[in-house]
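Chemist: Structure in structure tokens, see below.
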């Protein structure tokens, strides 16, 4: 009989080595819990090689990325939520340099005052030139002076504000001292013909607009400030007013300007006499002054 080869003892697996530190025990727990580790070679591949591959973000089982060690994040994943990578182009050689935005010029109060003085000086030169031209054309000095004052009113308007008035609804109040015979404000509105003003007045009554903002310039023209006007339309009537309304001509155009009849103190309400024509249907006056006539008309 042939001799059988000697039996070799089976090779037994090496006994497991004891866990050396806390890190070994941590990864052992992850392995036993079924956690699948990401392949480092697959993570290092360029995302541009496979454009159709979908982005998969790493799920943190422990709830914190800091406790799961170091792992590589691909560029495609970074571009999904990092703004710096979204703006980065793949070809850096063709990228155009960003031009810095021009800095906004910040003006100080000193420069603003200097600009205001320059504008005032320029206005004085323009007024002197206009006065010389008007005198050369034979216009009176009074009309020229009115035009200059009106230009100054347009350039530097008085500080006024509107608020509730004890006379009627809203009123206009002075927020600075105004000297006597100074221009306070221009009554601005839509200049229309007298026939159109009569039709609009009836239409406003049908619409329930009780207050009248129609100011007659002359027999042909009326200023309608009902829907197109300024704060001048809020000036209330008074039988003893501190202002008066005058119609002046500036450069051939008629203007309605409110003048101060007396010195107006800070906080005083601006008022003038409406001079409504006499009518049978009386409109009661609520000005409350000592010289109150009882009715506006």
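In our numbering, the protein residues as written are 122 to 418. In this text, a Cβ means the ideal position worked out from N, Cα and C, and glycines have one as well. All values reported here derive from a predicted model rather than from experimental measurement.
Going by Cα to Cα distance, which pick from 200, 179 and 201 is closest to residue 191?
Modeler: 179
Chemist: DSSP state of residue 188, grouped into three classes?
Modeler: helix
Chemist: Go ahead and label residue 336 buried or exposed: buried means 16 or more other beta carbons lie within 10 angstroms of its beta carbon, across all protein chains shown.
Modeler: Flag for residue 336 reads buried.
Chemist: What residue range is occupied by the uninterrupted alpha helix (DSSP H) comprising residue 144?
Modeler: 143–153
Chemist: For residue 285, report the span of its beta strand (DSSP E) as first-last.
Modeler: 281–285
Chemist: Just the C-alpha distance for residue 407 and residue 356, rounded to the nearest angstrom, thanks.
Modeler: 14 Å
Chemist: Use the C-beta contact count for residue 359: other C-beta atoms within 10 angstroms, 16 or more gives buried, fewer gives exposed.
Modeler: buried
Chemist: Here's the rule I'm using: 16 or more other beta-carbon atoms within 10 Å means buried, otherwise exposed. How should residue 392 be labelled?
Modeler: buried
Chemist: Have a look at residue 411 and residue 234 and give me their C-alpha separation to the nearest angstrom.
Modeler: 45 Å
Chemist: Would you say residue 381 and residue 300 are within 8 Å of each other, going by their C-beta atoms?
Modeler: yes
Chemist: On the DSSP letters alone, give me the boundaries of the alpha helix (DSSP H) that residue 325 sits inside.
Modeler: Judged by DSSP secondary structure, residue 325 falls within the alpha helix (DSSP H) whose first and last residues are 315–328.
Chemist: I need the straight-line Cα distance from residue 291 to residue 373, nearest angstrom please.
Modeler: 33 Å
Chemist: Nearest by alpha-carbon distance to residue 363: which of 318, 181, 323 and 295 is it?
Modeler: 295
Chemist: Say yes only if the C-beta of residue 143 is nearer than 7 Å to one or more non-hydrogen atoms of the ligand NAP, and no if none qualify.
Modeler: This structure simply doesn't include the ligand NAP, nor any ligand for that matter.
Chemist: Near residue 332, which residues of its chain fall below 6 Å by C-beta distance, leaving aside the five closest residues on each side in sequence?
Modeler: none
Chemist: Return the CA-CA distance between residue 387 and residue 308, expressed in angstroms with no decimal places.
Modeler: 21 Å
Chemist: Grab the span of the beta strand (DSSP E) containing residue 337 for me, first residue to last.
Modeler: DSSP places residue 337 inside the beta strand (DSSP E), whose first and last residues are 335–337.
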